[in-house]
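A short write-up of the structure that comes next.
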Amino acid sequence: MEPTKTSTWRQRAACRGVEPEVFYPLTDEEADEAKAVCFSCTVRERCLEWALANRERDGVWGGATERERRRMIRQRRRSA
Ligand code: SF4
6 MEPTKTSTWR QRAACRGVEP EVFYPLTDEE ADEAKAVCFS CTVRERCLEW ALANRERDGV
66 WGGATERERR RMIRQRRRSA
């Protein structure tokens, strides 16, 4: 299969090899470990934009929890 833009940035993801459970905390308060990985990740912005564009519902993406991404989407809608 040809690599896609998505798979290209995912290959540089700092979360590769990290236990997936870390990125699916039960509460926002338990998301600190995932966020720490994200904030050291060189593709954080692309990951976050992908999650926002695809309305990714679960987990921490681009350093943001589901609740934080919903807030970002609302803020963008208001300022559009
Ligand atoms: S920003 Fe976080 S979730 Fe996204 S690729 Fe990087 S480490 Fe993984």
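6 is the number of the first residue of the sequence shown in our numbering; add one for each residue after it.
Using N, Cα and C, we set each Cβ at its ideal position, and we do this for glycine too.
Between E34 and W66, what straight-line distance do the alpha-carbon atoms span, to the nearest angstrom?
-> When rounded, the separation of the alpha-carbon atoms in E34 and W66 is 15 angstroms.
Please list, in chain order, all residues of the same chain as D63 whose beta carbon is under 7 angstroms from its beta carbon, the five residues on each side excluded.
-> Cβ neighbours of D63 beyond the five flanking positions: Y29 and E71.
Supposed contact pair C46 and A18 - C-beta distance, whole angstroms, cut 8 angstroms | That pair is a contact at about 6 angstroms.
Cβ atoms of V27 and E38: under 9 angstroms apart, would you say?
-> Against a cut-off of 9 angstroms, the Cβ pair of V27 and E38 comes out as a contact.
At least one CB of chain D closer than 9 angstroms to the CB of V48: is that the case?
-> You won't find chain D in this structure, because it holds only one protein chain.
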